[in-house]
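In this text, residue positions in the sequence shown follow numbering that gives the first Met the number 0: the first is 0, and each later residue adds one. We put the CB at the ideal spot given by N, CA and C, even for glycine. This report concerns only the one structure given below.
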Amino acid sequence: MRFLGIDYGDRNIGLALSDPLELTAQPLGQYVLRGEPENRTYFCDLVKRHEVGQVIVGYPLRMDGSSGTRAQKTKEFAAWLEQASGLTVVLWDERLTTQQAVGIMREQRVRARVKRFVEHQISAALILQSYLDVRRLQGHAPQDR
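Structural data, given as structure tokens:
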């Protein structure tokens with residue numbers, strides 16, 4: 000089974016995909032939100048094409064653990080995606096992933112004009128990798144379909 004990681008934004012969504020052994024997460028791309036029918040078609044095709052079994056969406060909690068408007072919008076998107084795809088969608092704490100992504104881009108000397116295209120993808124990969132690592136530490140074995 001593969002996992003799809005999502006860094007949800009108002010307009011842009013970063014995507015990441017796990018390997019079939021559920022060990023690593025790689026950036027997959029970025030999707031620009033459109034209208035509901037286009038979004039539904041895109042995500043249904045994406046999960047089918049990559050044989051995704053579960054979706055992990057970064058949940059933007061505040062540093063004190065409380066949730067705000069961004070968290071509520073993310074929760075609504077996750078509920079929509081679960082209904083649209085028929086897959087389980089897990090909300091996963093994404094605190095500090097944007098700062099980590101910025102640090103990675105700085106280390107790799109990513110050009111400023113490229114940053115806006117890769118930041119969400121890197122964040123999605125960090126969110127998904129965190130989920131995979133915790134899952135493995137809890138003793139979950141890779142699942143076959």
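Straight-line CA distance for L32 to F42? Each residue's alpha carbon lies about 11 Å from the other.
With DSSP collapsed to three states, give me the class of S84. DSSP places S84 in helix when its eight states are reduced to three.
How would you label D143, buried or exposed, when you count the other beta carbons within 10 angstroms and need 16 or more for buried? Per-residue confidence for D143 stands at a pLDDT of 47, beneath the threshold of 50, marking its modelled position as unreliable; the derived number appears in the next sentence. D143 should be labelled exposed.
For L16, which residues does DSSP report across the bridge? Per DSSP, L3, Q25.
Tell me which same chain residues have a C-beta within less than 6 Å of the C-beta of Q128, skipping the five on either side of it? In the same chain as Q128, and ignoring 5 residues on each side of it, the C-beta atoms closer than 6 Å to its own belong to A24, in chain order.
Could you check which residue in W79, E93, R94 has the C-alpha nearest to that of T87? The shortest CA-to-CA distance from T87 to any of W79, E93, R94 is the one to W79.
For the beta strand (DSSP E) that contains G34, what are its first and last residues? That residue, G34, is in no beta strand (DSSP E); it is neither H nor E in DSSP.
Using beta-carbon positions only, say whether V51 and L3 come within less than 7 Å of one another. Contact: yes.
Alpha carbon to alpha carbon, how far is T40 from K72? When rounded, the distance between both Cα atoms is 20 Å.
Return the chain-ordered list of same chain residues with a C-beta closer than 8 Å to the C-beta of L20, the five sequence neighbours on each side being excluded. Correct list, in chain order: P141.
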